[in-house]
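Student: Handing you this structure, nothing more for now.
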């Protein structure tokens, strides 16, 4: 599961030396100076702006996808009680997969 902002980030070139996954805390893998379209007009003009891509090494793991879904639900629920329960589920899931 690859959703920008959840263990997967596109940044300006060399803006960060390293990034940690905001889901599981693992150090992200980085690919630097990749060609990327910065917008509709740039894409139409075939102008590439270099970007760095950071991605969690656990991104393709099923448990990581479940963790992303939990984080997204925690962020959008208006209920503090539900958020606390989901946070505990998230912590349990991370612990079960040896993420501390």
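Numbering (the working numbering), first residue to last: 10 to 109. Note that the Cβ used here is the ideal one computed from N, Cα and C, for glycine as well.
(1) Assign residue 2 to one of three DSSP states: helix, strand, or coil.
(2) Going along the chain, which residues of its own chain have a beta-carbon closer than 6 Å to the beta-carbon of residue 82, five neighbours each way excluded?
(3) Between which two residues does the alpha helix (DSSP H) containing residue 78 stretch?
(4) Skipping 5 residues on each side, what residues in its chain have a beta carbon closer than 7 Å to that of residue 80?
(5) Residues in its own chain within less than 7 Å of residue 28 by CB, not counting five upstream and five downstream?
(6) Closer than 7 Å by C-beta to residue 92: which residues in its own chain qualify, once you throw out the five before and the five after it? Chain order, please.
Tutor: Taking the structure as given:
(1) Residue 2 is absent from the model: the chain starts at 10 and stops at 109.
(2) Same-chain partners within the cutoff: 95.
(3) Residues 71-85.
(4) Close CB contacts of residue 80 within its chain, under the 7 Å cut and outside five residues either way in sequence, are with 15, 32 and 99 (chain order).
(5) The answer, listed in chain order, is 18, 37 and 63.
(6) Excluding residues within five positions, the ones whose Cβ falls inside 7 Å are 83 and 86.
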